[in-house]
Each structure stands twice: as structure tokens, then as C-alpha cells.
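Take a look at the structure set out below.
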Amino acid sequence: MRKLEVFLKNLKDFKNNLEWLKKSLKKCQGLVDKDPKSLTDSQLEAIEALFSRFSRSVDMLINRILRGIDILEFEDVGTKLDIAIRAEKRGFVENFEELMALKDLRNELAHEYVGERLHEKLKEVIYASKKLLKISERVISYAENELLPKFKRN
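Numbering-wise, my numbering comes out as the position in the sequence shown, counting from 1, plus 117.
See the structure below:
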């Protein structure tokens, strides 16, 4: 597959994943004030789905979408830090550390048992998901309105 075709597929997949993240976010926002011990299995599964969809969205944003933009704009891709710094330069985030914080939370969710800190992590993921959706909106707008039209002219 050509680089542009790969990017277009990744962008479509990313947008679909964000829709699922929004659904999970909507389901879980009302659970923040509940006592974690009173949560049903169904509610715990909804929280787990939110954590998973948040993590997948962060991965897709950094590893597929932002990296793909760099590739299409002939940037030396480099490290995730380089990708985050370029995202700041493009105006997707105010500070590249916002992206690094999302990535760090994603790593924490993937590699640590949340257990007793479920309530705290749920609040954190809800806040981070809202931030991720805003960033994603800017990235998608850039891709669709500025980046991709350059390729249609050729």
C-alpha cells in the first residue's frame, strides 16, 4: 500500500475508534460519583472498555495519525517525543507535554493493576479522554482540510 492509502485507512479507523470512545465516555461519566464498591459487573466492564478505548485512541493518534502526518510531510519521524514536539508546532496541542501525559496515562493503564485506585483513575481517564477528543478534532481537521487536499492536486 502506498503511504497515502495507509494514512487514509488509519484516519478512518481512528475516527471510528473515537466514536466508540465517545460512547464509553458517555456511559462512564455518571459512574464517577458512585462508590467503587457498589459498581455492578456491567458498570465495571463499561469502565474497562473506556480505559481500553482511551488507550487504543492514544496509540492510534501518536503511532498512526501523527506519525503518518510526519511521513506524508516528509519529516524525519524520530521518537515519540519528536512527534509530540511537531504536534505542538502544528498547533494540535498547546504544549507537547500534553501528548506525553496522555501516553504516560495509557502506559499506566496498560501495565499496572488499577485496583483500589479505580475511582481516581476513572476521573483521570474521563478528563484525559475529553482532552484527547479535542486534540483529535484539531488533528483530523488539519488532515482533512490542509494535508489531504495537497495530495488531490497531484
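Ideal placement from N, C-alpha and C gives every residue a C-beta, glycine not left out.
Note that this is a predicted model, so its numbers are computed, not measured.
Close beta carbons around residue i, own chain, < 8 Å, minus the five adjacent residues each side
{"i": "Q146", "result": "I243"}
{"i": "I164", "result": "C145, L148, L156, L235 and L239"}
{"i": "V194", "result": "R184, D187, I188 and I200"}
Boundaries of the alpha helix (DSSP H) in which residue i is found, first to last residue
{"i": "I252", "result": "L235 to Y259"}
{"i": "N262", "result": "From DSSP, N262 is part of no alpha helix (DSSP H); its letter is neither H nor E."}
{"i": "E122", "result": "K120 to Q146"}
{"i": "L161", "result": "D158 to D176"}
{"i": "I202", "result": "K197 to K206"}
{"i": "K220", "result": "F213 to H228"}
{"i": "G232", "result": "First-last for G232: undefined, no H or E at that position."}
Check whether residue i and residue j have beta carbons under 8 Å apart
{"i": "G185", "j": "F268", "result": "no"}
{"i": "S213", "j": "A204", "result": "The amino acid at residue 213 is misidentified as Ser; the sequence shows Phe. Contact: yes."}
{"i": "N134", "j": "R181", "result": "no"}
{"i": "D176", "j": "R223", "result": "yes"}
Own chain, CB closer than 6 Å to residue i, minus 5 neighbours either side, in chain order
{"i": "Q279", "result": "Look at the range of the chain in this structure, 118 to 271, and you will see that residue 279 is not part of it."}
{"i": "P153", "result": "L235 and H236"}
{"i": "R255", "result": "F209"}
Close beta carbons around residue i, own chain, < 7 Å, minus the five adjacent residues each side
{"i": "L121", "result": "L189 and F268"}
{"i": "K132", "result": "I257"}
{"i": "A245", "result": "F171, L219 and L222"}
{"i": "L142", "result": "L167, I243 and S246"}
{"i": "E225", "result": "none"}
Nearest-angstrom Cα separation, counted from residue j out to residue i
{"i": "I252", "j": "V210", "result": "6 Å"}
{"i": "I200", "j": "K248", "result": "18 Å"}
{"i": "A166", "j": "K140", "result": "10 Å"}
{"i": "D150", "j": "E162", "result": "17 Å"}
{"i": "L183", "j": "K238", "result": "26 Å"}
{"i": "M217", "j": "K197", "result": "8 Å"}
{"i": "L138", "j": "A260", "result": "20 Å"}
{"i": "R207", "j": "L178", "result": "14 Å"}
{"i": "A262", "j": "L250", "result": "The amino acid occupying residue 262 in the given sequence is Asn; Ala does not appear at that position. Using only the alpha carbons, I get a separation of about 18 Å."}
Exposed unless 16 or more other CB atoms sit within 10 angstroms - verdict on residue i
{"i": "A227", "result": "exposed"}
{"i": "E215", "result": "buried"}
Test: residue i CB closer than 8 Å to a CB of chain D
{"i": "M177", "result": "This model lacks chain D altogether, as it is built from one protein chain only."}
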